[in-house]
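Quick note: the sequence shown, position 335, residue 335 per the working numbering, numbers continuous. Even for Gly, the Cβ is constructed at its ideal location relative to N, Cα and C.
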Amino acid sequence: MFKIAFIKEACYQDLWVGDNNDSYSDLIRSSLQRTGPIGLLEIFGSDFFIVKSNNSKAGQKIRFCQLPKDYLSKDDYKLIEENKIKINSSRLPIRCPNDFSHDPEKINWSKYDIVISINFAVPISIRRKNPDILWVCMTGEGRFPVQSSCWDYFISHDYPNSPAAELKVINMPYTFLPPKYIFDKFKTSQTKKGIYIEINSKSNKSNNKALFKKFYSLNLNVEFHSEDIEKNLKKLSSSKYFIKLRGRPVRGNSFLEAMSASSLCLLHYNDCYGKIPFHQYCYFKDEKDLIEKLKFLEKNNDFLIELLNYQDSILGNMIENVKIQFEIALSNKRNYNNSNIYKINKKNLDIKSIFKKSLQSIIGRTCYSSITRINDPTIDPTRYLPSILE
């Protein structure tokens, strides 16, 4: 088995504010936004660290590439580092990211086989000093540079339908959770009832008045997203169904949360692009079809249980495929490090190779900006960012 360290910067606008002394459920309660890959800790026993923000040019560039222009400024990132939050924890009820931030130079990296870094949290100087570690970058918003330095793999944020790791890419969702984990940790009752409406759905009650009346006629109350993460997960865990009603398509993190909360996901065919293999029954054509499916499920509990078990298998397969991808990637890295090619490459840091590396950034940016990328699936602007070399 391998040992993983999972790293985020103090300025990162999402995920947990705490350390390895917290219970995993308290880490979720401390999250600035989303549940995140708590399965890395729960399943693989990973260590979690917040490190001081990497303010190198490359570190800042990837940060600003991830979000819409002017969404967060440099001052905003500084405020995130000091932003105090309150969680249900007697150990440290008021906390901010800087309370837990480590100097990355002082972490004993040699303990780890794999390090997963949110964005460029781990500086390149450390990655170069530790060539035997598998260095994996999980970009914050699911897009990664078409070319970069000293990263072995990037995490795609997509569901892994296969245990095979792609070239430079490991398929793993940002929300990485075991079956029933959210339900077991946040349920308020064993009894589930009602509907939870997905956050990006068109959820204005006045716009859905007729549809909601049909929900209520089936004795299904309606819940909406809460900004408080604990309240939100309690709502989700108490809801029988998780429904996406229009709104923008999503990668699928909220669906994986719902599956872990043992809520049945129902969606339109075009609602999710993150490669999650939903059961065919869970897709509806229109609102009329949705109501018919709900009526059927309310009268056929055995079939509902069958669908929920299928969802558990989706999460189980996700875990197994991610595990195998890590094993393959780590084996490939070790085999390469022991090869003659690696030894030769280490010696060939001459003027020619330096010149070539200097051109890579220009070539990468040119390819990314070129109109030819429209017909080139390897330079997809929805998946890739311009080159970011450190």
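Counting C-beta pairs with one atom in each stretch, the region 89-106 and the region 45-58 have three or more that are closer than 8 Å, which means they touch.
Distance from the Cα of F44 is smallest, within the candidate group S387, I324, S263, L389, for I324. Taken through DSSP and simplified to helix, strand or coil, C265 comes out as strand. About 22 Å separates the beta carbons of S226 and N219, which is beyond the 8 Å limit, so they are not a contact pair. Contact between the region 177-193 and the region 268-277 is absent: fewer than 3 CB-CB pairs across the two stretches fall below 8 Å. Judged by DSSP secondary structure, V322 falls outside any beta strand (DSSP E) and instead within the alpha helix (DSSP H) spanning 301-337.
Closest in C-alpha terms to E327, from the list V250, L134, P93, comes L134. Among the bridge pairs identified by DSSP, M138 is matched with I118.
L236 is a Cβ neighbour of S263, given a cutoff of 8 Å. Taking C-beta atoms under 8 Å as the contact rule, S156 and I170 qualify, at a distance of about 7 Å. P145 sits in a strand when the DSSP states are folded into three classes. Using a 10 angstroms sphere on the CB of A164, the tally of other CB atoms stays under 16, which defines it as exposed.
R127 counts as buried, since at least 16 other C-beta atoms from the protein chains shown sit within 10 angstroms of its C-beta.
Of all alpha-carbon atoms in E292, D76, N98, the one lying nearest the alpha-carbon of D19 is that of N98. Distance from the Cα of F144 is smallest, within the candidate group S117, I28, N161, for S117. According to the DSSP assignment, I182 belongs to the alpha helix (DSSP H) that extends over 181-186. Taking C-alpha positions only, I229 is separated from S30 by approximately 8 Å. Straight-line measurement puts the Cα of F6 at about 40 Å from the Cα of L290. Linking L389 to L32 through their CA atoms gives a straight-line distance of about 29 Å.
Contact annotation: I199 and T139 have beta-carbon atoms that are not nearer than 8 Å.
Within the same chain, and ignoring the five residues on either side of N337 in sequence, the residues whose Cβ sits closer than 7 Å to its Cβ are P131, D132.
Looking at the backbone, the Cα of D380 and that of P249 are separated by about 17 Å.
Residue pairing by DSSP places V17 opposite no residue, since no beta bridge is assigned to it.
Pairing E320 with C282, the inter-Cα distance amounts to about 23 Å.
Nearest Cα to F186 within the set K209, I28, G316, S110: I28.
Judged by beta-carbon spacing, F154 lies beyond the 8 Å limit of V322, meaning their Cβ atoms are not closer than that value.
Residue environment analysis places A329 among the buried positions, since at least 16 neighbouring C-beta atoms fall within 10 angstroms of its C-beta.
Taking C-beta separations shorter than 8 Å and ignoring five residues to either side along the sequence, the partners of Y181 in its chain run I38, G39, E42, S260, following chain order. Excluding its 5 nearest sequence neighbours in each direction, L315 has C-beta neighbours in its own chain below 8 Å: L177, P178, P179, L256, M259, S260, listed in chain order. Across the structure, W109 and D22 are spaced so that their CA atoms are roughly 21 Å apart. In the DSSP assignment, F6 falls within the unbroken beta strand (DSSP E) covering 4-9.
Residue range 241-243 is occupied by the beta strand (DSSP E) that includes I243. Beta bridge pairing from DSSP links R95 with I85. Taking a C-beta distance under 8 Å as the contact criterion, F120 and C137 qualify as a contact pair. Judged by DSSP in its simplified three-state form, D47 adopts strand.
Setting aside the 5 residues that flank it on each side, G36 is surrounded in the same chain by L15, each with a C-beta closer than 6 Å to its C-beta; the list follows chain order.
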